[in-house]
Amino acid sequence: MENQTGTGGLEDRLRNMILARPENQLSQPPMPAMGGLIPAGQGQAFPVNSQPSPPLAKSKHKRPNQAERRQRSAQLSIPIDTRPQMNQPMRPYFSPPGYPHTQYTNAGQNHVRRPHSATFRPPSQGTTLPGGPGPGPFPPHPRHHPSLSYNGPMSSGDWHQPRTSGGDQRTPPHGARSPFDMASPRTSRHHGSNSYDRNGFYRVRPEELKMQADMLEGLCNTIIADAEIEPADIYEKENFRCRIEEIARRVITQYEIEVNGFHDFPPASVQLRCFGSLSSGFATKAADMDLGLLSPLSAVQPDAPGSPIPRLIEKAFLEMGLGARLLSRTRIPIIKICERPPEELRAALLDEREKWENGLPEGHDEDDIHGEADVNLLEETQPNDGKHHDREPSISTKDDITLETRLRSLKQGDKRTLAAYYSGAKGILRKVGGRDMTYSNSRELSRSDLTLLNEFNLVFVNGLADDNLKRRLLTYRSLSELALTANTNYRTLHGVYTQMEGESLAMMWESREIRERDEVREKNASSLVRNWQAICNRASFGQDPLGYAKELQHGFEQLKTIPSIQVMLLAQGQHEAASAYLARAQKLMTDLGVLDHPSENNQESLNLVVRHYIQGIYNEGIRHEIEAFASALPKASFCLRVVARRHQSLQLAQEYEKCLEKGLYPDQAVASIRSYVEILRGPMVSPQTRDSAWNLVVPLSPDADRIMSNIRLFGDPARKAPNQPRDPYKDRLEFPKSGVGVQCDINFSAHLALHNTLLLRCYSLCDPRVRPLVLFVKHWAKMRQINSPYRGTLSSYGYVLMMLHYLVNIAQPFVCPNLQQLARPPDPNLTPQQMEDTVVCKGKNVQFWRDEAEIQRLASENTLTQNRDSIGHLLRGFFEYYAHSNQMSTVPCRGFDWGRDVISLRTHGGLLSKQEKGWTGAKTIVEVNAAAPPPPGGLDHPLAKPNNPIAEGPQSSQAGGDPLGSPATGTGQQAHAQAQPPREVREIRHRYLFAIEDPFELDHNVARTVTHNGIVAIRDEFRRAWSCIKAVGSNNPEQHGSDLLEDVALAEQRRESELFARLLEELHGPRAS
1 MENQTGTGGL
11 EDRLRNMILA
21 RPENQLSQPP
31 MPAMGGLIPA
41 GQGQAFPVNS
51 QPSPPLAKSK
61 HKRPNQAERR
71 QRSAQLSIPI
81 DTRPQMNQPM
91 RPYFSPPGYP
101 HTQYTNAGQN
111 HVRRPHSATF
121 RPPSQGTTLP
131 GGPGPGPFPP
141 HPRHHPSLSY
151 NGPMSSGDWH
161 QPRTSGGDQR
171 TPPHGARSPF
181 DMASPRTSRH
191 HGSNSYDRNG
201 FYRVRPEELK
211 MQADMLEGLC
221 NTIIADAEIE
231 PADIYEKENF
241 RCRIEEIARR
251 VITQYEIEVN
261 GFHDFPPASV
271 QLRCFGSLSS
281 GFATKAADMD
291 LGLLSPLSAV
301 QPDAPGSPIP
311 RLIEKAFLEM
321 GLGARLLSRT
331 RIPIIKICER
341 PPEELRAALL
351 DEREKWENGL
361 PEGHDEDDIH
371 GEADVNLLEE
381 TQPNDGKHHD
391 REPSISTKDD
401 ITLETRLRSL
411 KQGDKRTLAA
421 YYSGAKGILR
431 KVGGRDMTYS
441 NSRELSRSDL
451 TLLNEFNLVF
461 VNGLADDNLK
471 RRLLTYRSLS
481 ELALTANTNY
491 RTLHGVYTQM
501 EGESLAMMWE
511 SREIRERDEV
521 REKNASSLVR
531 NWQAICNRAS
541 FGQDPLGYAK
551 ELQHGFEQLK
561 TIPSIQVMLL
571 AQGQHEAASA
581 YLARAQKLMT
591 DLGVLDHPSE
601 NNQESLNLVV
611 RHYIQGIYNE
621 GIRHEIEAFA
631 SALPKASFCL
641 RVVARRHQSL
651 QLAQEYEKCL
661 EKGLYPDQAV
671 ASIRSYVEIL
681 RGPMVSPQTR
691 DSAWNLVVPL
701 SPDADRIMSN
711 IRLFGDPARK
721 APNQPRDPYK
731 DRLEFPKSGV
741 GVQCDINFSA
751 HLALHNTLLL
761 RCYSLCDPRV
771 RPLVLFVKHW
781 AKMRQINSPY
791 RGTLSSYGYV
801 LMMLHYLVNI
811 AQPFVCPNLQ
821 QLARPPDPNL
831 TPQQMEDTVV
841 CKGKNVQFWR
851 DEAEIQRLAS
861 ENTLTQNRDS
871 IGHLLRGFFE
881 YYAHSNQMST
891 VPCRGFDWGR
901 DVISLRTHGG
911 LLSKQEKGWT
921 GAKTIVEVNA
931 AAPPPPGGLD
941 HPLAKPNNPI
951 AEGPQSSQAG
961 GDPLGSPATG
971 TGQQAHAQAQ
981 PPREVREIRH
991 RYLFAIEDPF
1001 ELDHNVARTV
1011 THNGIVAIRD
1021 EFRRAWSCIK
1031 AVGSNNPEQH
1041 GSDLLEDVAL
1051 AEQRRESELF
1061 ARLLEELHGP
1071 RAS
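Per the UniProt record's numbering, the sequence shown starts with residue 1, numbered consecutively.
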């Protein structure tokens, strides 16, 4: 029957377990009878215990009263699956003191157990729960302990943790003692300070835990009150959505009627449906609107390759005075829109549109902005056409003249650095069909590939401009021609380049002009050089080319730590502040034992350091001026600080001059700034002070107060655009963050995104704590500037999935059940449209428990979860989980392993391994699709004509003709373009430094935009947040956690102001401050 437990799916099981248990059951309830298989995790099915279900007849006629429900809730426990999961990698782990049951041994290997996810899975027959009676050793366990939904018995293990929330602590019902009947996991036996024990595990006292949770709770309440989106904002965005939806309908309708002959095309079939945070309930005040364009009746779907619809809509929006920009080379094409673009931005957008209409190439889009490609990414981006597999073993036997020409061109040249030479060599290697060996492709390379690589390495070394360096390298066994042509020893190109760099440092060591500070340091440095030479001359270099390259890299890094070598390499970066350059030079002087004042025993060393400092100044003009200044200094005033002070004044003057050329200062301030530039370039004098640190400064006249007030007001010119490196993420078409009205993105392939949004909304309905938790984390990521996929970090959607993973799989008991695991079996009588709406969309499984009303009802009755932790307690656990991979302090599991783990919300347990997913190396996929051709009429396109009915504004005039233009009127060039349809090349870069599996699109990594710098920043911020939280406690009463949400931009502004004040004081003496 439909209402029997066993045929209604996991959702019915959840409901029946809550409402239909027998009243007289005093021990753990048996599993209900199930007449089939229940999906368990990742596509497997296991038989369910066939123990008969208790009678349900009474529950059909009379609902239990409140006292009966409370009694039954206390009796409920959820069985734990103890089956082996061999696909989960186990990492060695040692239990901290006080947690003796968290470690067990199987086949001589230590394993750690982590909580199960919030799903219901029966135990395998023939196995027993850990800690209970049963024969044989325990089987391997998954990485999670059971995350229980009710305050029933916990997993075995003497977990002693304090409890801060108000949930009642229920003991198991009287009867047989459960195998979980250990000390309560929320009862602390830890006594002592907030510190780490001898095994390195963090131990927290109950009062400290409560203070930390209360602090986070207070912050969350404050933030939510300010960050939550207002109803007026939602109303404004909805009005804008209706406005642009009408424009899109008119454009598509006109196109379908005039081009496709669909005269009865219904405009109402075109929809702009909202998805993302505004629809899921996780929107903040500054949230942009995400819209999906749906036109199911169009002959050519808007997201189809070559569809003209996106370009037609972009044109219509621009004609309406909106800011619109089509990003066609992103993974999914979108149009970015703003309501009130500034005139400069709108002119730039129109200019970009005109370029496209004239057939000129477009600018870069989302994936092109990540210039900092991951390590070894370039070696993997080139398509492999297979031609190099048929190469002969030797390059010298090739008949390909182009190949020989390219190899002969591999020369360093006199003015080319080793880094530039290596970069060019990589390009030539790809052009001749070769690839460098990396960890990602090492198994794919054939013997002929490796032979080509070896011979290319020899050509690479022979192309060096320094004959001495070349000779030294070729004398090593690892680069001898005999060894590399024997086809038994192989080298990587990157390893050879590292060897070049390291050997050049070894040559510097031999020709250095200054020794280390003392004999001990001298001996240690000599040992590093000998170790480097031993690595280079190792006979077994070819057994593990990648491992050998790592050894070379390590040896090279050690050589770079030798101060006497560092001083010879001292050089200022292109945009490095003179004060930062001075700080590096002063540290080197300290390491070498050189004092910054002239004396008989110190003069030679001081002269050497100052000479290298001057030679390393980046700007040639300033360098020449400093050389003249230093040569004219009297011996008593000669020191590094005085020379650097002159350097700082001249560089500051040059920075002001660049800003003046660009007109960055208001007219009333220009005169003051020009006067200050003259002061900076003026002579230095000795001030009236006995402090030797101020022996020569840039003098200020007594009436210079007005000038200095303007200087302090406008801040450091080094932070202005002319003196900064080009921002790879900034372009003239970027929309401002504010002041442009409503902003939104129109997605042309949003079918799966709509299902994603509904899934997140259902999760937000599971518990009232979910929404504030997500909003807090989104606000934190925004304040710390780690929430921009366009700048190499993670999207807000990624942080939502991170929080849901914690609430579903890590928090104990779980806060939310796994909605995808609770999906009902599909009704076989569904229509194709219903299947598309609820079961399979775009070939992806989109099933989950999507009954919003039922979820809300159960959540309102507090029957979906028995977790009563406070918001502060959950936030504390969230930050700890992602801050480190060690044992957590309040949950019996370890933290997230960023290097190995993949967050998988759909999966039982919530985690997969990168190895299991095949997400182990960065890849670039090149897609070549048909592109929408530019309109043959160019700027005379009908949509641009004033009378076009779509453009209802002051620019309207007449309309007519084919919306795509008439081929008959095209020029010869246009006819040629029609003969060869335009193609759109799209590079999609897949990075797996951080891995979050999309709930439905399983091959999509939500965190693929995270670059190396991005993941470093994200992980650093989680560690910083956890440090701020731990600092709150009885031992640190002054710590209130306020810096947890410190705005990075404001903090950077304060830091820059302090540094500029110090610079002025350094230049002019204490009076300037």
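Using N, Cα and C, we set each Cβ at its ideal position, and we do this for glycine too.
Predicted, not measured: the structure shown is a model, and the values here were computed from it.
Check	Outcome
As assigned by DSSP and simplified to three states, the class of GLY682	coil
Other residues of its chain near HIS494: CB distance less than 7 Å, five sequence neighbours each side excluded	ASP436, ALA549
Cβ separation of GLY792 and ASN1005, assumed to be a contact under 8 Å, to the nearest whole Å	Contact doesn't hold; Cβ gap of about 14 Å is too wide.
GLY910 beta carbon less than 8 Å from that of VAL808	yes
Cβ neighbour criterion (16 or more within 10 Å) applied to PRO683	exposed
PRO954 (DSSP reduced to helix, strand or coil)	In this prediction, PRO954 scores a pLDDT of 37, lower than 50, which makes its location untrustworthy; no coordinate-derived value is stated.
Residues that LYS923 bridges to, as DSSP identifies them	HIS990
Among LEU293, PRO892, TYR882, nearest to VAL902 - alpha-carbon criterion	TYR882
Proximity below 8 Å, CB of GLN847 to CB of ALA823	yes
Other residues of its chain near PRO687: CB distance less than 6 Å, five sequence neighbours each side excluded	TRP694, VAL697, GLY1069
C-alpha distance - GLU343 paired with LEU349, whole-angstrom precision	10 Å
PRO296, buried or exposed, once every other Cβ within 10 Å from all chains shown has been counted against 16	exposed
Buried/exposed call for PRO563, threshold 16 Cβ in 10 Å	buried
Limits of the unbroken beta strand (DSSP E) element including GLY292	289-294
Where LEU558 sits in the DSSP three-state scheme	The sequence shown places Gln at residue 558, not Leu. It is helical.
DSSP beta-bridge partners of ALA324	ILE337
8 Å contact criterion, which SER870 and GLU208 should meet: CB distance rounded	That belief does not hold up - the Cβ atoms of SER870 and GLU208 are roughly 15 Å apart, past 8 Å.
Spatial neighbours of SER587 in its chain, beta-carbon cut-off 6 Å, leaving aside the 5 residues before and after	The displayed chain sequence assigns Lys, not Ser, to residue 587. If we look at LYS587 and ignore the five residues flanking it on each side, it has no Cβ neighbours.
CA-to-CA distance, ARG346 to GLU319, given in whole angstroms	10 Å
Pairwise C-alpha distance: ASP544 and ASN454	14 Å
Cβ neighbour criterion (16 or more within 10 Å) applied to GLN887	buried
Residues bridged to VAL902 [DSSP beta-bridge criterion]	LEU912
Beta carbon of HIS884 nearer than 8 Å to that of GLY872	no
Under 8 Å between C-beta atoms of THR838 and SER279	no
SER749 versus PRO302 - alpha carbon distance	8 Å
Alpha-carbon spacing of ARG719 relative to GLU576, whole angstroms	11 Å
DSSP three-state assignment for GLN553, whether helix, strand or coil	helix
Sequence-distant residues of the same chain with beta carbon closer than 6 Å to PRO267, five excluded per side	ARG249, THR253
Cβ neighbour criterion (16 or more within 10 Å) applied to ARG645	buried
Assigned secondary structure, ASP665 (DSSP; H/G/I helix, E/B strand, else coil)	Looking at the sequence shown, residue 665 is not Asp but Tyr. The answer is coil: DSSP assigns TYR665 none of H, G, I, E or B.
Buried or exposed by the 16-neighbour rule on C-beta atoms within 10 Å, applied to LYS782	buried
Best match in VAL677, ILE746, GLN866, LEU760 for proximity to ALA324 [C-alpha to C-alpha]	ILE746
Those runs of the alpha helix (DSSP H) which lie wholly inside the stretch 443-480 and span at least 4 residues	447-462, 467-475
Contacts around ALA571, its chain only, beta-carbon distance under 7 Å, and the 5 residues preceding and following it disregarded	GLY616
The stretch 760-772 in contact with the stretch 1014-1027 per 3-pair CB rule at 8 Å	no
Cβ pair count under 8 Å reaching 3, the stretch 438-449 against the stretch 472-480	no
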